[in-house]
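>
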Amino acid sequence: MKLLHAADFHLDSPFQGFTPEQQESLRKASLELPFAVARLCREKECQLLLLSGDLFDGPYTWKSYEALASALEEAKVPVIIAPGNHDHVGRNSPWLSEHWPENVHIFTSSSLQSRVFEDLDCRVYGAGYTAMDCPGLLQSFTASGQERYHIGVLHGDPTAPDSPYCPITRSQVENSGLTYLALGHIHKGGSFRAGNTLCAWPGCPMGRGYDEPGQKGVLFVDLDTASQAEFVPLMGFPKFYTQELPLLESPEAALSALLPGAPTKDFYRITLTGQWETPDLAALSRKFSHIPNLTLRDATTPPVDPWGSAGEDSLEGTYFRLLQEKLPGADPHTQEIIQLAARISRQLLDGQEVKLP
């Protein structure tokens, strides 16, 4: 049986810290997430779509509900939802107050319930948060029934036994009797196998800021052939990258080597470091205008002449003088090493942080 597993859409996120134009762009992109997941579900010929909570970030809008409901109907397979802490079941919850397509099955109870899909020879277990926190739900749990596949869908935390968000331990997974446990909540994907049970969480399908960097996606699982969940990237959605860039050449050359040459809607936050005269960040931003979501920061320090103390009558002066005397007769490669040694020595003596090239 083939499954597609996603979680943590966080629709209607405020995207704080971005410009109004960037916020609008990110909101539009996030509304496309459910449709991308539904298309992938059809392309992979999956028989179940598992959504492990936090599909909404909190209070929801009609636009986000409509997008999610329309997309899930297009999936054309049973969709299982286990609400999480951000979209918990309660007063004014979309899970209770809105109409959902017939193929969507929502666990609204805070205790584990199950639903049988006879045509798939499968029983699915799940529960929904009814508050911002949730106790562990797998304690003393063991799957029952004669079905071939036993699947769990929870918004749970497998990383911290004392977590307030449905903590799940390896031993609980091992003793669960489940074929597959589909988790949400942790925004960086991961998985492990305990006994005969594969436990996995896909992470968020699109980052919402620089604290959620890199390519995001969902999980594809073929329970009949695969021993692990396959990460499937969702292409075409904005990604976030943060990096420090030591300037060993001109800022423009260094950025050209790092950044893509083609237009992109990805977000880059680059901090320029090293010894350099104050870079013109505005001019650099104009130079790389094909990356509208580029943020440049200046953490450079003014250049220092490493040979300034070579003429002093001191241990330091003697050290630099001896280095300097090696330069004239050295080959180019050795000269480069001597210059580097002098720069690093000067930085250390001046109490500066040293970053090797």
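With the first letter of the sequence shown counted as 1, position 335 gets the number 974 in our numbering; the numbers rise by one all the way through. C-beta: ideal position from N, C-alpha, C; glycine also.
Quick one, are the C-beta atoms of Gly765 and Val728 less than 8 Å apart?
no
> Counting Cβ pairs, one atom from each stretch, are 3 or more of them under 8 Å apart for the segment 753-761 and the segment 773-781?
Too few Cβ pairs lie closer than 8 Å, so no.
> Given a cut-off of 8 Å on the beta-carbon distance, is the pair His649 and His725 in contact?
yes
> Where does Thr747 land, buried or exposed, given buried means 16+ other C-beta within 10 angstroms?
buried
> To which residues of the same chain is Ala839 closer than 6 Å at the C-beta, ignoring the five residues directly before and after it?
Ser830, Leu858, Ala868
> From Leu887 to Ala980, what distance separates their C-alpha atoms?
14 Å
> Locate the alpha helix (DSSP H) running through Gly828, then write down its first and last residues.
Element bounds for Gly828: not the alpha helix (DSSP H) but the beta strand (DSSP E), 827-833.
> Would you check if the distance between the CB atom of Pro653 and the CB atom of Leu707 is smaller than 8 Å?
no
> For Ala710, does the count of other Cβ atoms within 10 angstroms reach 16, so buried, or fall short, so exposed?
buried
> Which one or two residues does DSSP pair with Phe654 in a beta bridge?
Partner(s): none; Phe654 has no beta bridge.
> When you compare only the Cα positions, how much space is there between Gly784 and His826?
32 Å
> Terminal residues of the continuous beta strand (DSSP E) containing Phe906?
Segment 906-912, the beta strand (DSSP E) holding Phe906.
> Terminal residues of the continuous alpha helix (DSSP H) containing His972?
Residues 971-988.
> Hey, Leu670 and Phe657: beta-carbon distance below 8 Å or not?
No. Outside cutoff.
> Please state the DSSP three-state secondary structure of Arg847.
coil
> Report back the beta-carbon spacing between Leu923 and Glu891 to the nearest angstrom; my notes put them in contact at under 8 Å.
Between Glu891 and Leu923 the Cβ distance is about 7 Å, and since that is below 8 Å, they are a contact.
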